[in-house]
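Note that UniProt numbering numbers the sequence shown so that position 324 is 324, with each residue one more than the last.
Ideal Cβ placement from N, Cα and C applies to all residues, glycine included.
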Amino acid sequence: MKVLPKETASIFTRDEVRLDADIYRPDAEGEFPVLLMRQPYGRAIASTVVYAHPKWYASHGYIVIIQDVRGRGTSEGEFQLFAHEIEDGIDTINWAANLPGSTGKIGMYGFSYQGMTQLYAASAKPPALKTICPAMIADNLYSEWAYEGGAFCLQTNLGWAIQLATETARLQEDEQAYQELYQAAKKFSFSTPIPALSEVMNKYGLDSFYHQWLENYKPGEYWQNLSPNLENIDLPMLHIGGWFDTYLRGTINLYKKIFCRSKFLQKLIVGPWSHIPWGRKLGAINYGLAASNPIDDIQILWFDQFLKGINTGILERSPVSLFEMGSNEWRNFNSWPSNNYQFYYLASTGLANMREDSGTLNDNYPDISTDDIFVHDPWRPVPALGGHATFPAGSFERSELDCRTDILTYTSEFLTEDLHISGDVYVEVYCTADTSSFDISAVLSEVKPNGNVYNFTQGYIKVVSKDLPVKIYLQPTCIKIEKGNAIRLSLSAACFPAYLINPGIDKPPKEVRLIEAKIITITVSSGENNPSLISLSIAGNREQGTGNRRENIPLSEVHHQHKS
């Protein structure tokens, strides 16, 4: 279907603020449903970093509206993070439903901030909004966005704050601010006396959300008021995530919450992607053609079903489609896989930070195990490498990193049969420190027979209580570990600059001074009296709960060594 030239239109909100949008229409007679995206980065981009251009969607028989949110692009008003997205979303939906040529039925799509605008709008239950497709979002902005395990997500939060501040400088035509912020975005610096307080953000972003997030370093009223209210949301939803996306926890948790109580279809798709990009190659791994972004095709099927009433077959397909890394194929489930767990227990000769053959993972409690002791030095913190909380994200070869003596490694025997992990993963560790607070980073990796090590999921926690064991929730995952390979758990006390360095005492992030950061000695215990362990959700073999692996995807077709 041909598409008419783009037109620009404006609405005035209930408080008389003008919001501007680009509209793409099919060049055809009749009425069409509306697809709406509301975003803060300049509407011309239209999230084409991960989605097809709006013209492509319009060519499938939709009026597509890409709107600048308040105070962004050419829209008037003051931009305040998430503050006006409920009212402005309602006003925009009501306007779009009454456009000439509109059927009055609205669907929304978009990821990240554009995903959040969907949740805020849906929370008000506007009658014209029939379905949403939120990707890579969070309904709890504290635990699923700004903080992980109580630790401030330094690199992603600061990077986003600088990005938004740079856009503000561009809109204000402040060239000096723009250039300084642009350079800061290209090369982060954490060498300030207070690492969380960026000089450029103190200079040009004092009104940024970033400072509020630093101040509100514990869950409470601020986060409750900022996060969307899910109580009124009940409509068909297509949930989209990536195994290496920093907001995957939010995507999965939202799906679980809505799935449990909704009378409408909830579908979840998770690919081997980071926040950007969604494709076959991420980090050091090429996941093959099957990992190529299928979301545009799937969204057309979804919108045709729920906005046009066309039977696309989406209702008969499996609600959960997960890309299984390792086999590089899609697996399908009737619900989130969570009913088959396997445990691996930690054991050590006491030298898990010195030798790769000292720390082991076992099917049963070890008869004998010795405590492991390692030292965290804030002068040389363990660096972030891949995963979900830093960039570049993804899976990387980390055997050299695991040779550090401030990282404990526990490795299983090489597997005698394939291991299919699908679902939630957590680690319980009996650990103590000589300070009142410390951090634990847990990384799970696949170990190849040649000694190469590739991370596939990880988690992080800031420990402030002495309750044992410490429970660390890793990113959910779906991976096939082939027989002949092994799995490894790597534990450390830092993952910098993904997370702010723990100074050894529980302080607000904006008060953590580099000079005050303490050297921390941490003891990890294992064995029958202290059963430190990994819990894995096991999917079983390919025939169990998988259905047709490609039904929802419309595409063609350790060596021993000393650590130093």
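- Secondary structure of residue 295 (DSSP, three-state): helix.
- In the assembly as shown, residue 445 is a buried residue. Its beta-carbon has 16 or more other beta-carbons within 10 Å.
- The DSSP assignment places complete alpha helix (DSSP H) segments of no fewer than 4 residues inside the region 105-176 at 113-122 and 154-171, in order along the chain.
- C-alpha of residue 437 to C-alpha of residue 358: approximately 27 angstroms in a straight line.
- The beta carbon of residue 64 sits closer than 6 angstroms to the beta carbons of 24, 35, 54, 57 and 58 from its chain, once the five residues preceding and following it are set aside; these are given in chain order.
- Counting the other CB atoms within 10 Å of its CB gives residue 122 a total of 16 or more, which places it among the buried residues.
- The residue from 267, 130, 88 and 537 with its alpha-carbon nearest to that of residue 423 is 537.
- For the pair residue 112 and residue 165, the CB atoms are not nearer than the 7 angstroms cut-off.
- Beta-bridge analysis with DSSP links residue 20 to 10.
- Contact between residue 39 and residue 114 holds, with the beta-carbon distance rounding to 4 angstroms and staying under 8 angstroms.
- The C-alpha of residue 281 lies about 13 angstroms from the C-alpha of residue 326.
- In the three-state reduction of the DSSP assignment, residue 201 falls in the helix class.
- By alpha-carbon distance to residue 93, the top candidate from 509, 104, 100 and 401 is 104.
- The alpha-carbon of residue 392 is positioned some 46 angstroms away from that of residue 29.
- Exposure of residue 508 is indicated by the presence of fewer than 16 other C-beta atoms within 10 angstroms of its C-beta.
- By the C-beta density criterion, residue 66 is buried, having at least 16 other C-beta atoms within 10 angstroms.
- Excluding residues up to 5 positions away in sequence, 37, 39, 110, 111 and 114 lie with their Cβ nearer than 7 angstroms to the Cβ of residue 47 in the same chain.
- Note that the region 346-355 does not touch the region 502-522; fewer than 3 beta-carbon pairs, one per stretch, sit closer than 8 angstroms.
- For residue 312, the secondary structure class from DSSP, reduced to helix, strand or coil, is coil.
- Separation of the CB atoms of residue 150 and residue 464 is rounded to 7 angstroms, and the pair is thereby assigned contact status at 8 angstroms.
- Residue 480 counts as buried, since at least 16 other C-beta atoms from the protein chains shown sit within 10 angstroms of its C-beta.
- Residue 330 is bridged by DSSP to 323.
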